[in-house]
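In our numbering, the protein residues as written are 3 to 384.
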């Protein structure tokens with residue numbers, strides 16, 4: 003079963019700050035904590051899943067590798083992996099996540115938390131998805147690609163502010179830059195506070211009296227740009243890498259989104275990929291199989307010589323070490339596996355028929371228990 007995206011697990015976007023990660027993890031940890039959900043295996047798994055996601059995304063190095071390569075980038079000992087052997091290990095995070103209040107206070111509602119004032123920055127830009135097709139040769143060695151895409155870029159006329167040159171952006175007088183309005187109502191049950199988006203600024207926290215004519219006050223314009231994608235060797239079909247802050251520019255100074263590059267593997271003419279190994283079907287004649295031969299076979303990096311030993315049966319697998327695909331994020335390469343296939347001719351002339359009949363009568367050519375290794379006769383002790 004495929005692992006869920008760590009950002010989806012925590013319910014945050016890919017630009018989430020460490021504070022956002024902490025809040026999201028705190029919420030999930032309280033919701034699925036084993037003390038709150040006794041004998042609930044599903045809740046325990048979600049508790050572990052959230053801890054794993056936080057452990058990766060809260061570490062700058064691991065997060066960078068995850069953003070570029072997904073789960074592949076943080077798998078194995080080469081670049082670290084979640085180190086929770088059992089649920090008790092996860093509680094080591096709580097001294098940080100639940101600092102300032104008791105975990106039981108959080109569970110039962112006696113803890114106190116202040117409300118953070120909403121920031122007045124612009125709207126973040128959306129992520130972009132790019133599907134990049136790669137040949138097996140490009141995947142094997144890694145490659146740099148330049149592609150053209152359309153996206154929103156910062157408006158140069160207003161430097162992304164959305165305001166006409168010579169004018170400025172003003173703080174909203176209704177919400178005082180918070181982007182939200184509080185309405186207090188009273189009833190016999192007590193006092194209630196309703197918080198809604200400020201209608202004067204649309205939740206932006208600021209207003210523009212004179213919008214930029216180039217971008218209509220958006221702070222960004224559509225443009226076609228060329229981006230460079232450095233693809234490491236060993237990527238797989240469906241794996242992806244993230245180009246941070248290379249996506250759509252945000253509105254009115256908002257942060258840029260990311261570009262998610264999803265890799266698509268082009269089917270090869272005669273190679274089959276299995277993990278980092280390459281499978282190649284070699285077709286040889288019956289005489290070459292019996293007598294042995296030196297043949298030339300294609301590899302990912304060019305042609306190479308391969309020795310066929312005398313008496314090689316059809317279906318035998320020959321290994322060409324390190325002739326496969328370079329491993330992603332670690333040293334070494336896979337192998338090329340050559341699968342031997344003996345070709346039986348469908349049409350032969352009269353002379354060939356006579357020679358084959360003569361050959362079939364030879365003692366070493368007839369099928370018997372001496373020339374079948376591990377076959378039917380040996381199986382039954384004949």
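Here a beta-carbon is modelled for each residue, glycine too, at the ideal position from N, C-alpha and C.
Item                                                                                                                                 : Value
Using the DSSP secondary-structure output, state which residues sit across from residue 304 in a beta bridge.                        : 301
Using the C-alpha atoms, what's the distance from residue 143 back to residue 199?                                                   : 52 Å
Spell out the partners DSSP gives residue 196 in its beta bridges.                                                                   : 185
Quick one: which unbroken beta strand (DSSP E) runs of 3-plus residues sit fully inside the stretch 212 to 243? Chain order, please. : 222 to 233
How many angstroms separate the CA atom of residue 148 from the CA atom of residue 220?                                              : 28 Å
What is the DSSP secondary structure of residue 16, counted as helix, strand or coil?                                                : coil
Where do the ends of the beta strand (DSSP E) carrying residue 362 lie?                                                              : Here residue 362 belongs to no beta strand (DSSP E); instead the alpha helix (DSSP H) covers 352 to 362.
Using the C-alpha atoms, what's the distance from residue 236 back to residue 216?                                                   : 44 Å
Determine the DSSP secondary structure at residue 128, reduced to helix, strand or coil.                                             : coil
Rounded to whole angstroms, what's the CA-CA distance from residue 294 to residue 324? Just pull it up for me.                       : 24 Å
Could you pull the start and end residues of the beta strand (DSSP E) that residue 146 belongs to?                                   : 145 to 156
Quick check on residue 282: does DSSP put it in helix, strand or coil?                                                               : strand
For residue 335, which residues does DSSP report across the bridge?                                                                  : 328
Can you tell me where the alpha helix (DSSP H) holding residue 58 begins and where it ends?                                          : 43 to 59
Using the Cα positions of residue 233 and residue 67, report the straight-line distance between them to the nearest angstrom.        : 13 Å
Quick one: is residue 287 buried, meaning 16 or more other Cβ sit within 10 Å of its Cβ, or exposed?                                 : exposed
Who are residue 296's beta bridge partners in DSSP?                                                                                  : 309
Nearest to residue 319 by CA position, among 157, 281, 214, is which residue?                                                        : 281
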